[in-house]
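Protein chains in written order, with the numbering used here: chain A, 64 to 293; chain B, 197 to 514. Virtual Cβ for every residue (Gly too), placed ideally from N, Cα, C. Predicted, not measured: the structure shown is a model, and the values here were computed from it. Read the structure below first, then the notes.
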């Protein structure tokens with residue numbers, strides 16, 4: 064088991080946002096977290112990534128407890144986080160955005176750019192332009208490509224298709240589909256067609272708790288099962 | 197044509213900078229021109245943490261003062277060799293930065309500005325009262341430096357050339373640094389530090405390195421001030437003078453080596469020559485700041501750079 068989250072509680076002050084959450088991700092598996100806004104999905108993801116402290120419970124990654132570990136240490140250990148709001152470093156060029164990840168992972172810049180361009184070939188035209196000029200879809204693909212530099216073990220992706228046009232969602236879908244099996248992914252997503260098509264395992268969250276875990280393909284493909292939680 | 201001039205300027209900018217300071221010599225006194233150079237070095241050091249890393253300090257005079265007193269104390273107690281004294285000023289200011297940095301760089305915004313100001317006040321008190329037996333207190337201390345081979349810094353022209361060489365070396369170093377992955381990292385910290393951590397960087401460590409480099413460069417400026425004047429007074433570490441470097445960085449444009457130099461020269465011209473014509477010249481500075489805030493938000497260099505033709509890479513993404 065690559066990621067094992069066990070009885071996790073997360074609180075903002077006195078308000079408990081995640082209660083007794085237990086999930087796990089196997090190597091190469093694509094796992095989705097679904098649920099309504101405010102269900103605690105992003106909070107759970109940010110706690111796994113080391114940005115929020117857990118009030119109780121444990122997060123184990125690659126066989127070792129990583130609760131309380133700083134995000135930069137987790138990132139170096141193979142956990143990468145792709146934020147929800149598609150915010151790249153807008154004042155840096157696209158090349159510099161890639162260079163930042165390449166330098167952190169000690170990967171040659173040319174190889175890092177090749178990796179990102181392989182995911183989104185059209186971005187090669189904008190390498191020396193400020194990343195702030197990219198569209199939302201291009202930013203998302205740049206962020207996913209950047210997160211894949213240095214062969215991570217686990218990608219945490221928060222709402223990758225949120226706010227994107229239909230055509231761009233297809234591009235993101237294709238990238239996720241091509242990446243499936245090569246790296247484990249835990250993805251917060253509300254776009255159920257994407258979840259049904261790609262998910263190996265799905266957790267639905269409700270009011271901070273894991274309400275249901277679906278593992279069998281026929282359960283995941285059953286539209287009614289998940290829609291009840293959105 | 198303009199593009200080729202730009203390329204030439206980018207390649208030979210150190211020659212251009214040296215030429216511009218040499219051109220100032222007939223207009224200003226040699227010692228005053230050296231003063232301009234030293235102040236530009238100080239602005240360059242400040243801009244490393246303000247313009248590139250996005251941390252505004254209200255206490256950078258502490259490191260200029262540490263450098264100035266480091267050079268003067270070295271000349272009295274250790275060695276009158278000016279190169280050794282300059283090295284002492286860099287080491288002392290860098291050591292002060294290394295001592296305070298682990299605490300200071302963990303803060304942001306107003307806290308970063310004020311914690312630096314607080315340490316500057318402490319440094320001023322130490323120089324003025326606590327260590328007055330060594331620093332001369334309010335009277336300051338004199339510093340005499342020996343010749344090193346043909347280099348005689350008591351001669352104004354030698355001092356000018358020496359300061360200019362140090363400034364050019366600093367410009368080269370800062371430009372290399374800010375163009376490297378380390379510089380990209382600093383700019384990304386300025387934009388959103390949290391996201392840099394998720395890429396695997398221990399940002400505190402990188403900020404500390406930038407902070408110590410900045411304090412060391414400010415120390416070099418302080419050391420050159422001591423060499424230029426031959427004395428040091430508490431005004432070299434006066435917290436009330438922090439506004440000077442902030443004004444200069446804002447006038448020139450933060451986050452650019454050329455902006456720092458332009459701002460340094462512009463501020464020195466205003467503060468040195470405007471009082472000859474305008475009685476309350478500080479009021480002019482206030483108006484200049486208002487003009488900058490409303491009209492030239494990226495400073496003079498930013499304003500110039502925005503109007504320069506750019507290479508055709510800026511295709512708008514669909």
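- In this chain, the alpha helix (DSSP H) harbouring residue 265/B covers 257–273.
- If you compare the alpha carbons of 278/B, 292/B, 403/B with that of residue 348/B, the shortest gap goes to 278/B.
- For residue 328/B, the enclosing alpha helix (DSSP H) covers residues 328–331.
- One thing to note: residue 242/A has its Cβ no nearer than 7 Å to the Cβ of residue 235/A.
- In the structure shown, residue 252/A falls within a coil segment according to DSSP collapsed to helix, strand and coil.
- Apart from the 5 residues on each side of it in sequence, residue 183/A sits with its Cβ closer than 8 Å to the Cβ of 201, 204, 205, 208, 234, 238 in its chain, given in chain order.
- Note on the stretch 96–168 of chain A: whole beta strand (DSSP E) runs with a minimum of 3 residues are 119–124, 142–145, in chain order.
- For residue 380/B, the nearest beta carbon of chain A is closer than 7 Å to its own beta carbon.
- The Cβ of residue 243/B sits no closer than 7 Å to any Cβ of chain A.
- For residue 397/B, the closest Cβ of chain A is nearer than 7 Å.
- A residue is called buried when at least 16 other Cβ atoms come within 10 angstroms of its Cβ; residue 487/B does not meet this threshold and is exposed.
- Inter-segment contact for the stretch 389–400 of chain B and the stretch 125–142 of chain A is present: three or more beta-carbon pairs are separated by less than 8 Å.
- Take residue 238/B, set aside five residues on each side of it, and the residues of its chain with a beta-carbon closer than 7 Å to its own are 260, 414, 417, 441, in chain order.
- Take residue 261/A, set aside five residues on each side of it, and the residues of its chain with a beta-carbon closer than 7 Å to its own are 93, 239, 240, 243, in chain order.
- Around residue 162/A, the beta-carbon contacts reaching into chain B at under 7 Å are 377, 380.
- For the pair residue 160/A and residue 152/A, the CB atoms are nearer than the 7 Å cut-off.
- At a C-beta separation below 8 Å, residue 387/B has these neighbours in chain A: 152, 153, 154, 155.
- According to DSSP, residue pairing for residue 276/A in a beta bridge involves 266/A.
- Check the Cα spacing between residue 210/B and each of 495/B, 367/B, 265/B, 323/B: the tightest is with 367/B.
- Residue-level contact check: residue 491/B does not touch chain A, since none of the beta carbons of chain A fall below 7 Å from its beta carbon.
- Rounded to whole angstroms, the Cβ separation of residue 435/B and residue 257/B is 6 Å, and the two are in contact under 8 Å.
- For residue 427/B, the closest of 501/B, 337/B, 273/B, 492/B by C-alpha to C-alpha distance is 337/B.
- Per DSSP, residue 277/B is not a residue of any alpha helix (DSSP H), being assigned neither H nor E.
- Sequence-ordered contacts of the stretch 103–136 of chain A with chain B read 112, 113, 114, 133, 134, 135, 136 [C-beta pairs closer than 9 Å].
- Where residue 75/A is concerned, there is no enclosing alpha helix (DSSP H), although the beta strand (DSSP E) around it starts and stops at 66–75.
- The C-beta of residue 401/B comes no closer than 7 Å to any C-beta of chain A.
- Ranked by Cα distance from residue 324/B, the first of 341/B, 265/B, 274/B, 365/B is 265/B.
- Residue 258/A sits in a helix when the DSSP states are folded into three classes.
- Between the beta-carbon of residue 411/B and that of residue 333/B there is about 24 Å, and that puts the pair past the 8 Å contact cut.
- The three-state secondary structure of residue 285/A, taken from DSSP, is coil.
- Listed in chain order, the beta strand (DSSP E) elements of length 3 or more contained wholly in the stretch 387–465 of chain B amount to none.
- Sorting 223/B, 294/B, 314/B by C-alpha distance to the C-alpha of residue 402/B places 294/B at the top.
- Any Cβ of chain A closer than 7 Å to the Cβ of residue 452/B would place that residue at the interface, and such an atom is absent.
- Residues 262 of the same chain have their beta carbon placed closer than 6 Å to that of residue 292/B, with the five preceding and five following residues left out of the count.
- Taking a beta-carbon distance threshold of 7 Å, residue 494/B does not count as an interface residue toward chain A.
- Exclusion of the five residues before and after residue 300/B leaves 308, 311, 312, 407 as the residues of its chain whose Cβ lies within less than 7 Å of its Cβ.
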